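According to my numbering, the residues represented by the sequence shown are 13 to 155, in order.
From the three backbone atoms N, C-alpha and C, an ideal C-beta is built for every residue, glycine too.
Computed from a predicted structure; not experimentally measured.
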Amino acid sequence: MSSYDEQNVFAKILRSEIPSYRVYEDENCLAFLDAFPVVMGHTILIPKTKCINILDTPEDVASKVLSKLPIIAEAVKKATGATGINIISNAGSDAGQAVFHTHFHIIPRFSEDNLLAFPKSIGMINSEEANHIQELIKSNLNV
Numbered sequence: 013m014s015s016y017d018e019q020n021v022f023a024k025i026l027r028s029e030i031p032s033y034r035v036y037e038d039e040n041c042l043a044f045l046d047a048f049p050v051v052m053g054h055t056i057l058i059p060k061t062k063c064i065n066i067l068d069t070p071e072d073v074a075s076k077v078l079s080k081l082p083i084i085a086e087a088v089k090k091a092t093g094a095t096g097i098n099i100i101s102n103a104g105s106d107a108g109q110a111v112f113h114t115h116f117h118i119i120p121r122f123s124e125d126n127l128l129a130f131p132k133s134i135g136m137i138n139s140e141e142a143n144h145i146q147e148l149i150k151s152n153l154n155v
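Below, the structure is given as structure tokens:
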């Protein structure tokens, strides 16, 4: 994993070096409107701790930030009149991560918003495949 880039845009927002429209802040996290929203109300939630993505975020930090996620998402939904919400966190460039500071997109959704939906299923998993990947995942858990 690469090192944390102090010059990423979210680090600059945390240091108030660039402006942001803050909607929530406490000692652990900050939520602000996305400067380039996919729909009005698109909000970003970030930890104040320096971490690249959810995979390298300390458990205590993740717990504190994620405890605020439903509260902020509900406020976004009510404020925008949305009928649904997407919560997305990309981990790594191959997953679409563009800013390498842990963050969660809170995206209000509407019945005809023309945003991309979750991809279609590749088909129902069979028991052999399920058992194989289940064991691989379990053997890689560090809990």
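What do you reckon, are the CB atoms on residue i and residue j nearer than 8 Å?
| i | j | result |
| --- | --- | --- |
| R121 | G96 | yes |
| G53 | A94 | yes |
| L67 | F116 | no |
| F112 | D17 | yes |
| I64 | L42 | no |
| S32 | F44 | yes |
| T55 | V88 | yes |
According to DSSP, what are the bridge partners of residue i?
| i | result |
| --- | --- |
| E37 | L42 |
| L57 | A43, F116 |
| I25 | According to DSSP, I25 bridges with nothing at all. |
| G104 | For G104, which the question treats as bridged, DSSP gives no partner whatsoever. |
| G96 | R121 |
Going by C-alpha distance, which of the options is nearest residue i?
| i | options | result |
| --- | --- | --- |
| K24 | E39, K60, H54, F48 | K60 |
| E39 | E141, K76, L128 | K76 |
| E29 | N65, N20, E37 | N20 |
| L128 | N98, V155, T55 | N98 |
| S123 | P31, L45, V51 | V51 |
| S14 | D46, K62, E37, F22 | K62 |
| V35 | N138, I83, N126 | I83 |
Evaluate residue i with the Cβ neighbour count: other Cβ atoms within 10 Å of its Cβ, from every protein chain shown; 16 or more gives buried, anything less gives exposed.
| i | result |
| --- | --- |
| I145 | exposed |
| I149 | exposed |
| L26 | buried |
| V155 | exposed |
| I134 | exposed |
| I100 | exposed |
| I119 | buried |
Taking residue i as part of the alpha helix (DSSP H), name the residues at either end of that continuous run.
| i | result |
| --- | --- |
| L148 | 139-152 |
| E71 | 71-78 |
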